[in-house]
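Some notes on the structure that comes next.
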Amino acid sequence: MEKPEEMSSTKMFGGFNRRYKHFSPTLGCSMTFSIYFPPSPPSQKIPVLYWLSGLTCTDENFIAKSGAQRAASVEEVALVAPDTSPRAGFYLNATELKWKNWRMYDYVVKELPKLLTENFELLDTSKASIFGHSMASAFAPIVNPINCPWGQKAFSNYLGGNKSDWEASIIHSLTS
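Whatever position you read off the sequence shown (first residue = 1), add 423 for the working numbering.
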């Protein structure tokens, strides 16, 4: 797997927010992600909180606007924010040939943690949690997108016309 290239580094709340890019074999394109490293790494590895942004956001929206780094600094936890490209991908693996590279589920669950483990020895990806907003939140208004026209359009494009196949990719079904 290709080593990520650092694009920027910003000191904040005693730690550093760093932005990286790399080629993703899973998605077949270049991807970016941001990591906030808290100050003075503890004697043990740093647990990870993955932030998943909404439909039209990038990895920078949360990092630039939330101020979550302050709490991450105090709690000695790393914040990892991957880009949402391909946009409006619903963090699922598309099954339709036209959308074959829309495999955000595999990217977030498999490729990104492996990339972090291999390249950032301070991070403990075995101690991780995930949170987000909009299409990435279990509590967002779009929690059941298959019951609205724009969700039906997206899911039929990504997963085909069989609505029973859609259930495995929506948080509503996963938490019911």
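We treat Cβ as the ideally placed atom computed from N, Cα and C, and that holds for glycine.
| request: Would you decide whether residue 504 is buried or exposed? Buried here means 16 or more other CB atoms lie within 10 Å of its CB. | output: buried
| If we cut at 7 angstroms on Cβ distances, does residue 538 have a partner in chain B? | Here chain B cannot be found, since the structure has a single protein chain.
| Going along the chain, which residues of its own chain have a beta-carbon closer than 7 angstroms to the beta-carbon of residue 523, five neighbours each way excluded? | Once the five neighbours on either side are set aside, the close Cβ partners of residue 523 are 517.
| Around the Cβ of residue 480, are there at least 16 other Cβ atoms within 10 angstroms (buried) or fewer (exposed)? | buried
| Would the beta-carbon of residue 492 fall within 7 angstroms of that of residue 459? | Yes, the Cβ-Cβ distance between residue 492 and residue 459 is below 7 angstroms.
| From residue 467 to residue 551, what does the alpha carbon distance come to, in whole angstroms? | 14 angstroms
| field | Residue of 533, 572, 502, 520 minimising C-alpha distance to residue 438 | value | 502
| message | At the level of alpha carbons, what is the spacing between residue 539 and residue 425? | response | 11 angstroms
| Beta-carbon separation of residue 548 and residue 506 under 7 angstroms? | no
| In angstroms, rounded to a whole number, what distance separates the CA positions of residue 553 and residue 452? | 23 angstroms
| task | Can you give me the start and stop residues for the alpha helix (DSSP H) that residue 496 sits inside? | result | 491-498
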